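Written below as structure tokens is the structure these notes are about.
Residue numbers (UniProt numbering), protein chains in the order written: chain A, 1 to 495; chain B, 1 to 647.
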């Protein structure tokens, strides 16, 4: 049986896997909202193995590459990646497999075929690439593009703002050390679950991880006892008050000014367990966790099942880090702004593997971070310019001028690289632009309080101006009265 | 500059002596290396590495969102099942022993003046290495904020203290932990630090944030590098004082906002253990309050194979209960702290209360309720003391009422204290606002032994010391210091630093005087209340003082004869640091309203001149009849009085 579908071989790059390419046709269509350009690639070849397909899917390439699987003949089930009801398969790398029906029904020529594929292709791009909504989200702090849309605001507010680095802090809250002696292998769990993701995210930002254990840390709300479930419950409405007393003890990182992502694991004390979180519909949240935008997440971990009623306190308890880290990883993805919007029907997205982040997701993140950085740096420079306009006699040192000009240069470079599709360089330059612009803006010599406003200068000289005004005013009065008298005399003469 | 010859042998002697910090406290030495647990990796991680965690969190619209975790792939569920079968159970005794350890302790000493001295010590030991390459750190008992400070700034040793009030050595004896009034900070950096001054500046700013104190006012004008006085108290052999920075802020006022962050560093907070007694409204209603944080590397075992970091949080307070207690000499924990003890901190490996009953061997001075059979002897500051010990980890301590409220009822008021062997005083002499003289008095109260004392003086630059007027006299004779280290000040850059090694003759007062000139500051350099005066930090006297135990040669105690011929060596001297009073010096202070007065005056003068000029220019002049002469005018007045028409 001969299948004439196209498991796309690695493209024009050197060192490719040798595959028997019968015909190859390439059409390059540049699209504005896509990094780099979109390559349509049509290849026809005879194929026996699906291993190469896997190879192809794992091949890292610069631009989003869509592989179109054309099925000419017979049973569609022979393709292992495309199930019967799946039209589009999005891989971990920047690849996607697309199925179209029999070409006989769609058209004979390649152009017709491509035209038929266009809408699907756009959908694929919508999912995998940087789109208008991403720009909106990235710039949401500065531009309110659609004030009515609450959901998108919530989405965009959730992720942390772009920053050169993040501090990730895992805190184990043990409000009852007399009953529970908790052990968590945070070191191993971070190595296993968090570190692969952060290694992948290394081009976006620097991450530092630490963890702490806080004892006698209690939540700010007393959970209510639900007799039907014989458990304590926290309602979604009260979650906002939960954190305040805990946060006072979390502490910020004394040694850096990067934003802190807090992940709290709360083990309820023996008298208040089990503790469950209810959502707005009074339904129990299966993960028993919630997160707060731009702050972090909390997971409630009930341990009352691990010891009997006659247990001798304190009980030693080992925490299942796989369960905990699964939740924290999901929250971390959300907080970092890795948007996982639900794909359109018929799409299947590959699982992210141990890394937890697909290549195209990283691309999108780098895109939006670069755009956000560029916007931030531009705003900073603009407001600096406004400040300089306001205070005419401000002194600008050479180093500030240097910073500003380097910021502008980096900005231009970042935009240029962004246009060319070199995300890594664009992000790098945009970070440099932010650093330089902020260093200029927050330079202590540019504090506007250092400069006397003009009205105060005049106020100091009131003792001079006031007595000097007196004779002038008096003589003005005199002139007025004399003029009036003259007029009266004139009228009297006329009369 | 005074040119004295260095006497190297004496310097070496004191250096060696100081590097061994002997607060000979037998309690400390019993801390054994029971914490060195081997790093046992938790067994569960290996199986989980291949596991996938694919979550697709569906998100709601509101701010607080429930995280929904769907477990997507089937193999993950399988892995989960595998996990649940093993780890979530009661842990068998194979739990790796924690590498950190926490101890708490309270010492109460009734003072002869009728005051009560209470000293808390909380000690966290952690076997870790902050200077490792990777910065991932996982904290359990050690506070994260301080750990980050240590690793970021490559700190080897950090000592910070905040004190309100002055420790009256002559009435109260030696404190367990001396501290000068105000804030004191001294830090040893690792020798890998290249820019020590920059790191120091950053460190002070960060610490000022952590402790809510104005440590950010520490800059080069009040920082010195003592060459001999402050040696590292932990292990490590670097004594190059380039890596040492020392600064005091004598003006710093200590209050609740400094206590709260200090309490936050404790693992149990104020929820359990001895720390429940730390209520700020009581602690600050006292004659003396001092809180400190000491971080240093220490040996884990006596062979020093493993090292660990020690964080020691101390808080000392002196209550004046005699005056506030309506004349009754009686105190209890509840009276002092308005709390009683009910439990030990569950995280502490030891939690004890010590009451000093040395002066009360037969109970004739005071009565201690409840009585305890546990007694402990320790050599503290060269003196053998006896303590009643209450172990809070034993349930029996709390008795039937489940709370411990220690009560001391005094029976007699007399009783005298052994005078402290070393004692210092300081004052400013002279009159006028141009010159003055600093007098430092050092008392050696030992009847027959002389001992050397290291004196450290750090004087701000606006008191210009005339170092040629430096005199050291004891018993009306010139006493040549064997070591002098003097670093002159630079205006607005660095302070004077004077370090001297002086031998104090027995039973004498040694007086160090130096004259100074008061500088004129720029008008922006004055504090908001310049007429209050300017503080000069305490001088520091560091010394190895002969022990009182060794002084005991009349052998009143029954001892075998063969043991008493030579004074026992290991207790023969102990380290003491004594701080003198800070000085308050008036500087010539200008009248700060003067510039405005000058502006007002000159402006008025100018305005008046302007007015008359303006008048001259704008008035229209008319010719008047020439005025009458003086004689005619007088004649006219007389004529008017007579009723005759004028001329």
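Here a beta-carbon is modelled for each residue, glycine too, at the ideal position from N, C-alpha and C.
Predicted, not measured: the structure shown is a model, and the values here were computed from it.
Query - Proximity below 7 Å, CB of residue 334/A to CB of residue 197/A - result: The sequence position of residue 334/A within the first chain is 334, counting from 1. The sequence position of residue 197/A within the first chain is 197, counting from 1. It is not a contact, given that the beta carbons lie outside the stated cut-off.
Query - Sequence-distant residues of the same chain with beta carbon closer than 7 Å to residue 369/A, five excluded per side - result: For this step, residue 369/A is matched to residue 369 along the first chain. Within the same chain, residue 369/A has close Cβ partners 162, 204, 427.
Requested in this report: For the beta strand (DSSP E) containing residue 288/B, list its first residue and its last residue.
Outcome: Within the second chain, residue 288/B is the residue found at index 288, counting from 1. 288-299 is the span of the beta strand (DSSP E), which, as asked, contains residue 288/B.
Query raised in the report: Of all the options 360/B, 401/B, 524/B, which has the alpha carbon lying nearest to the alpha carbon of residue 111/B?
Result: Along the second chain, one-based indexing puts residue 111/B at 111. The candidate whose alpha carbon is nearest that of residue 111/B is 360/B.
Requested in this report: Go ahead and label residue 482/A buried or exposed: buried means 16 or more other beta carbons lie within 10 angstroms of its beta carbon, across all protein chains shown.
Outcome: Residue mapping note: residue 482/A aligns to position 482 of the first chain, counting from 1. Counting Cβ neighbours within 10 Å, residue 482/A comes out exposed, since fewer than 16 surround it.
Query raised in the report: Where does residue 380/A land, buried or exposed, given buried means 16+ other C-beta within 10 angstroms?
Result: Position 380 of the first chain, counted from the start, is the residue given in the question as residue 380/A. With 16 or more other Cβ atoms within 10 Å, it is buried.
**Report entry** Cα-Cα separation, residue 243/B to residue 192/B
**Finding:** Here residue 243/B refers to the residue found at position 243 when the second chain is read from its first residue. Here residue 192/B refers to the residue found at position 192 when the second chain is read from its first residue. Whole-angstrom Cα-Cα distance: 9 Å.
Report task. Compute the Euclidean distance between the alpha carbons of residue 604/B and residue 523/B, then round it to the nearest angstrom. Result -> For the purposes of this step, residue 604/B is taken as the residue at position 604 of the second chain. For the purposes of this step, residue 523/B is taken as the residue at position 523 of the second chain. Residue 604/B and residue 523/B: Cα-Cα distance of roughly 25 Å.
Query - Stretch pair the stretch 291-305 of chain B + the stretch 150-163 of chain B: three plus CB contacts closer than 8 Å - result: yes
Query raised in the report: Does the beta-carbon distance from residue 125/A to residue 173/A come in below 7 Å?
Result: If you number the first chain from 1, residue 125/A lands on position 125. If you number the first chain from 1, residue 173/A lands on position 173. Cβ distance not < 7 Å, so residue 125/A and residue 173/A don't count as in contact.
Report task. In the DSSP assignment, find the unbroken beta strand (DSSP E) run with residue 467/A in it and report its ends. Result -> Within the first chain, the letter at position 467 stands for residue 467/A. From DSSP, residue 467/A is part of no beta strand (DSSP E) but of the alpha helix (DSSP H) over 462-494.
Query raised in the report: Using a Cβ-Cβ cut-off of 6 Å (strictly less than) and excluding sequence neighbours within five positions of residue 189/A, which residues of its own chain qualify?
Result: Residue 189/A sits at position 189 when you count from the first residue of the first chain. These residues qualify, in order along the chain: 321, 325.
Report task. Select from the stretch 210-240 of chain A all residues with a C-beta closer than 7 Å to any C-beta belonging to chain B, and list them in chain order. Result -> 210, 211, 212, 213, 215, 216, 236, 239, 240
**Report entry** 7 Å Cβ cutoff, residue 464/A in contact with chain B
**Finding:** By one-based count along the first chain, residue 464/A stands at place 464. So, interface residue.
Query raised in the report: Taking 7 Å as the CB-CB limit, is residue 399/B close to chain A?
Result: Residue mapping note: residue 399/B aligns to position 399 of the second chain, counting from 1. It does not: the Cβ of residue 399/B has no partner Cβ on chain A nearer than 7 Å.
Report task. With 8 Å as the limit, tell me which residues of the stretch 470-483 of chain A have their beta carbon closer than that to any beta carbon of chain B; keep them in chain order. Result -> 470, 471, 472, 475
Query - CB contact check: residue 421/A to chain B, cutoff 7 Å - result: Taking the first chain and counting its residues from 1, the one referred to as residue 421/A is at position 421. Output row for residue 421/A: interface = no.
Query raised in the report: Got a sec: is the Cβ-Cβ distance from residue 592/B to anything in chain A below 7 Å?
Result: Residue mapping note: residue 592/B aligns to position 592 of the second chain, counting from 1. No, because no Cβ of chain A sits closer than 7 Å to the Cβ of residue 592/B.
Query - According to DSSP, residues forming a beta bridge with residue 102/B - result: Counted from its first residue, the second chain places residue 102/B at position 102. For residue 102/B, which the question treats as bridged, DSSP gives the partners 124/B.
Query raised in the report: So, residue 388/B versus residue 273/B, is the Cβ gap smaller than 7 Å?
Result: As a working note, residue 388/B is residue 388 in the second chain. As a working note, residue 273/B is residue 273 in the second chain. Contact flag unset, no.
**Report entry** Expected contact under 8 Å - CB spacing of residue 315/A and residue 179/A to nearest Å
**Finding:** Along the first chain, one-based indexing puts residue 315/A at 315. Along the first chain, one-based indexing puts residue 179/A at 179. The Cβ separation is near 7 Å, so the contact holds.
Query - Where residue 442/B sits in the DSSP three-state scheme - result: Position 442 of the second chain holds residue 442/B. Looking at residue 442/B - three-state DSSP - the assignment turns out to be strand.
Requested in this report: Determine whether the Cβ of residue 165/A lies closer than 7 Å to any Cβ atom of chain B.
Outcome: Your numbering for residue 165/A matches position 165 in the first chain. Not an interface residue.
Query raised in the report: Are any of the Cβ atoms in chain B nearer than 7 Å to that of residue 537/A?
Result: The structure shown does not extend to residue 537/A, since chain A is modelled only from 1 through 495, so no value can be given for it.
Requested in this report: Give me whichever residues DSSP pairs with residue 209/A in a beta bridge.
Outcome: Numbered from its first residue, the first chain carries residue 209/A at position 209. Residue 209/A pairs with 168/A.
**Report entry** Other residues of its chain near residue 304/B: CB distance less than 7 Å, five sequence neighbours each side excluded
**Finding:** Indexing the second chain from 1 puts residue 304/B at position 304. Excluding sequence neighbours, residue 304/B sits near 235.
Query raised in the report: Is there at least one Cβ from chain B nearer than 7 Å to residue 178/A's Cβ?
Result: For the purposes of this step, residue 178/A is taken as residue 178 along the first chain, with counting starting at 1. Yes, its Cβ sits closer than 7 Å to a Cβ of chain B.
Query raised in the report: Going by alpha carbons, who is nearest to residue 276/B out of 222/B, 339/B, 307/B?
Result: Residue numbering aside, residue 276/B sits at position 276 when the second chain is read from its first letter. Per the Cα distances, 339/B.
Report task. Would you check if there are 3 or more beta carbon pairs closer than 8 Å linking the stretch 503-520 of chain B to the stretch 470-477 of chain B? Result -> yes
Query raised in the report: What is the rounded straight-line gap between the Cα of residue 270/A and the Cα of residue 288/A?
Result: The residue labelled residue 270/A in the question sits at position 270 within the first chain. The residue labelled residue 288/A in the question sits at position 288 within the first chain. The C-alpha of residue 270/A lies about 17 Å from the C-alpha of residue 288/A.
Query raised in the report: Nearest chain B C-beta to residue 467/A closer than 7 Å, yes or no?
Result: Position 467 of the first chain, counting from 1, holds the residue named residue 467/A. It does: the Cβ of residue 467/A has a partner Cβ on chain B nearer than 7 Å.
Query raised in the report: Rounded C-beta distance between residue 215/B and residue 185/B? I'm assuming under 8 Å.
Result: Position 215 of the second chain, counted from the start, is the residue given in the question as residue 215/B. Position 185 of the second chain, counted from the start, is the residue given in the question as residue 185/B. Their Cβ separation, rounded to whole angstroms, is 6 Å, which keeps residue 215/B and residue 185/B in contact under 8 Å.
**Report entry** Alpha-carbon to alpha-carbon, residue 173/B and residue 506/B
**Finding:** Looking up residue 506/B in the second chain gives position 506. Looking up residue 173/B in the second chain gives position 173. Using only the alpha carbons, I get a separation of about 19 Å.
Report task. Report the residue from 435/A, 228/A, 192/A, 114/A whose alpha carbon sits nearest the alpha carbon of residue 258/A. Result -> Position 258 of the first chain, counting from 1, holds the residue named residue 258/A. The option with the nearest alpha carbon to residue 258/A is 435/A.
Report task. With DSSP as the reference, label residue 313/B as helix, strand or coil. Result -> Along the second chain, read from residue 1 onward, the residue named residue 313/B stands at position 313. Strand, per DSSP.
Requested in this report: Taking a Cβ distance cut-off of 7 Å, strictly less, list which residues of the stretch 237-263 of chain A are near chain B, in chain order.
Outcome: 239, 240, 249, 251, 253, 254, 255
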